[in-house]
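Below: one structure, written as structure tokens.
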Amino acid sequence: MELQTMHAQLAEKLHNRALVNATISQPRQKSNDLKRIKLKPVELKEGYRIQFEYQYEQILKHQNLTIEQAASELEQLFTEFRQGLFQFTDEKVQIQLTKKYKVSYKSEADARAAADLSHNRKKAYLLEDGIPYPFLVRLGVQSPDGKVKKQKYDKFRQINRFIEFIDDALEHLPKDRPIRILDFGSGKSYLTFALYHYLRIEKGLDLRVTGLDLKKSVIEDCQNIARDLDYQQLEFLVGDINDYDQDTAVDMVVTLHACDVATDMALARAVKWNAGVILSVPCCQHELNSQIQASPLDVMLQHGLIKERFSALATDSIRAELLSLVGYETQLMEFIDMEHTPKNILIRAYRTNKKPVAGQLERYREFTKLLNAKPFLENELKELL
1 MELQTMHAQL AEKLHNRALV NATISQPRQK SNDLKRIKLK PVELKEGYRI
51 QFEYQYEQIL KHQNLTIEQA ASELEQLFTE FRQGLFQFTD EKVQIQLTKK
101 YKVSYKSEAD ARAAADLSHN RKKAYLLEDG IPYPFLVRLG VQSPDGKVKK
151 QKYDKFRQIN RFIEFIDDAL EHLPKDRPIR ILDFGSGKSY LTFALYHYLR
201 IEKGLDLRVT GLDLKKSVIE DCQNIARDLD YQQLEFLVGD INDYDQDTAV
251 DMVVTLHACD VATDMALARA VKWNAGVILS VPCCQHELNS QIQASPLDVM
301 LQHGLIKERF SALATDSIRA ELLSLVGYET QLMEFIDMEH TPKNILIRAY
351 RTNKKPVAGQ LERYREFTKL LNAKPFLENE LKELL
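In this note's numbering, the protein residues as written are 1 to 385.
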């Protein structure tokens, strides 16, 4: 098939509103920071649009395009990428381009219902409202009949969002042995129980999960719940991140709302354990706020509120960059919507052992020099940089 013919067929499908979803992948240039693009149709106030989700090395970006704009964007993307997988309402299409842009276009009949574009539809959660889950009932999120309590709906949304991250990470976890997971600063452990339920009960994986927290009373409550639910491979221990030495290797490290450099301690420990997956939602970040001295930024930093927010964003950017420098594919992602909590940035890192791109360490050094920053995490990982 000729390239022009392929573009014409895709454009016709888009104009017929037949798209259900699609993924563009395999960049031609290894140095391309954009790794893949996902497409889906959406209905906005402005009308029918195709949403493009651009998945970069460390960030996600979105734009909603008209059909004509989407067709044009696809033409451009297929000059930079070699593979496309499209699900339409009547067929599945796989496209592969050679180095010389010869097209392999494979189609198979696969009837699918049209995508539901309504923004008013019920959210499709991995854990469904109306189905009782013993751990959610026990934690007071659901009533015994499975209905989510009104005052706990934000927590229910948060739990489901977290499980989406867990589901995305499955391919980075071992398949030939038990999975080892640690949750530092587990607190009341809503998400620890959710993680265990999803991986053990829903997915049937062999794993052992440990929740660690300093509050003895909270840990005792969690231990009782785990025992009542017969979660035999879930344990809760009283302890500090620095003092924990019961493992020499861990597959996934979770740290949610650990204060200030406690997050960095957990990240450093995860790296040294060679963890395949890191999920971290930082809390208060004071370290950089007290260090910043950057006169070119004084127009911003003279305002205490702005300095605090800038420091938090810079801190998480530094964390993501350091993880990238030591062999992780790292992204900063939205955990839940901003209106529910200001602590809504999640650091997601997968170990790939990929070497830093040329000049990446120097770029990092220039940034920390500008801010006069001496990050705790950098010092913890200095032997690996």
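All residues carry an ideal CB built from backbone N, CA and C; glycine is no exception.
Is T330 helix, strand or coil by DSSP? strand
By alpha-carbon positions, which one of S31, V326, Q233 and E75 ends up nearest to L97? E75
In chain order, what residues of the same chain have a beta carbon less than 7 Å from the beta carbon of L279, not counting five sequence neighbours either side? F165, V254, L346 and R348
Between the Cα of Q83 and those of L267, L297 and Q26, spot the shortest distance and give me the residue it belongs to. Q26
Among G204, D213 and G130, which has the Cα closest to the Cα of G239? D213
If you measure between the beta carbons of L10 and A109, is that distance less than 8 Å? no
Please report the straight-line C-alpha distance between D247 and L199, rounded to a whole angstrom. 20 Å
Rounded to a whole number of angstroms, what is the C-alpha to C-alpha distance between F376 and I67? 48 Å
What's the call for A373, buried or exposed, on a 16-neighbour Cβ count within 10 Å? buried
What are the start and end residues of the alpha helix (DSSP H) that includes T315? G304 to L325
Between R208, S189, K147 and N160, which lies nearest to P174 when the distance is taken from Cα to Cα? R208
Quick check on the burial criterion: 16 or more other C-beta atoms within 10 angstroms. Buried or exposed for I50? buried
Do L301 and E378 have their beta-carbon atoms positioned less than 8 Å apart in this structure? no
Can you list, in chain order, the residues of its chain with a C-beta nearer than 8 Å to that of D260? Leave out the 5 residues immediately preceding and following it. C283, C284, Q285, H286 and E287
Cβ-Cβ separation, L126 to D167 (assumed contact under 8 Å), whole Å: 7 Å
Would you mind giving the Cβ-Cβ distance between F52 and E73, rounded to the nearest angstrom? I have them listed as a contact below 8 Å. 6 Å
Have a look at A194, Y328 and F135 and flag the residue whose alpha-carbon is nearest the alpha-carbon of Q275. Looking at the sequence shown, residue 275 is not Gln but Ala. Comparing Cα positions, the closest option is Y328.
Same chain, Cβ closer than 6 Å to H197, five either side skipped, listed in chain order: F135
Determine, using beta carbons only, whether V271 and V326 come nearer to each other than 8 Å. yes
Please report how far the alpha carbon of L381 lies from the alpha carbon of Q223, in whole angstroms. 34 Å
In chain order, what residues of the same chain lie with their CB nearer than 7 Å to the CB of F335, ignoring the 5 residues before and after it? R161, V281, N344, I345 and L346
Y153, enclosing beta strand (DSSP E) - first and last residue: Unbroken run through Y153 is the alpha helix (DSSP H), Y153 to D168; no beta strand (DSSP E).
Same chain only: Cβ atoms within 6 Å of S189, ignoring 5 sequence neighbours per side: G211 and C222
Mind checking E366: buried by the 16 CB within 10 Å criterion, or exposed? exposed
Could you tell me which residues DSSP puts in a beta bridge with M252? I181 and V277
What did DSSP end up calling H257 once you bin it into helix, strand or coil? coil
Just checking my contact of T330 with S324 at CB under 8 Å: how many whole Å lie between their CB atoms? 5 Å
Would you identify the three-state DSSP class for N120, choosing helix, strand or coil? Confidence at N120 is low in this model, with a pLDDT of 43, below 50, so the placement of that residue is unreliable and no value is reported for it.
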